[in-house]
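According to numbering that gives the first Met the number 0, the residues represented by the sequence shown are 0 to 132, in order.
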Amino acid sequence: MELRRSGISDQAVLNAIEATPRESFVPESFRAKAYDNVALPIIRGQSISQPYIVAFMTQELQLSNRMKVLEIGTGSGYQAAVLAHIAKRVFTVERYRSLLKTARERFETLRIHNITTLLGDGQKGWPEQAPFE
């Protein structure tokens, strides 16, 4: 309801946020804050964006279930998981092996099978999988 009050109106985005357990993407020490509308630290000096920002960015993409999406910077995997609830395929590139390994494990645990990951430099994109919407 907080996201609705903040201007998120796309029902597919709201459903995707609701279906993605944010507590699975944050360190154990921050699980009590998983649903607070704040960014939280993860490993490698990175952070998981606040739910509003994830919802806003996803809504702005105007996704459909036939789209193929490229995400640069997998991080915790939360944004990719949200995108995967809407898009047909999500391709995500991460430069830190430790972040990518953990994100892959989360996708497997949550049985999200339409995400493909790559360890690499996101500035190079993913030409082998292009084009993306």
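Note that CB positions come from ideal geometry on N, CA and C, so glycine has one too. The structure displayed is predicted, hence computed values, not measured ones.
Quick one: grab the DSSP three-state call for Ser97.
Of the three classes helix, strand and coil, the one that applies to Ser97 here is helix, per DSSP.
Output the distance between the C-alpha atoms of Arg95 and Val81, rounded to the nearest integer angstrom.
It is Tyr, not Arg, that sits at residue 95 in the sequence shown. Near 21 Å, if we compare the C-alpha coordinates of Val81 and Tyr95.
May I ask which residues mark the beginning and end of the beta strand (DSSP E) holding Glu27?
Counting along the chain, Glu27 falls outside any beta strand (DSSP E), and DSSP gives it neither H nor E.
Express the C-alpha separation of Pro40 and Pro26 in angstroms, rounding to a whole number.
Between Pro26 and Pro40, the C-alpha separation is close to 8 Å.
Can you list, in chain order, the residues of its chain with a C-beta nearer than 7 Å to that of Ala33? Leave out the 5 residues immediately preceding and following it.
Closer than 7 Å at the Cβ level, and outside the excluded window around Ala33, lie Arg21, Glu22, Val25.
Quick one: any contact between the segment 83–102 and the segment 111–131, if contact means 3 or more CB pairs under 8 Å?
Cβ pair count under 8 Å is three or more, so yes.
Please work out which residues of its chain come closer than 7 Å, Cβ to Cβ, to Gly72, disregarding the five sequence neighbours upstream and downstream, and give them in chain order.
Closer than 7 Å at Cβ, skipping near neighbours: Glu93, Gly121.
Which value, in whole angstroms, describes the spacing of the CA atoms of Gly76 and Val53?
Rounded to the nearest angstrom, the two C-alpha atoms are 11 Å apart.
When the distance is taken between beta carbons, is Gln45 closer than 8 Å to Val37?
Cβ distance not < 8 Å, so Val37 and Gln45 don't count as in contact.
Do you know offhand how far Glu132's Cα is from Ala31's?
Cα-Cα distance, rounded: 36 Å.
Between the Cα of Ser28 and the Cα atoms of Ile16, Glu17, Ile42, Gln128, which residue gives the shortest distance?
Ranking the options by Cα distance to Ser28, first place goes to Ile42.
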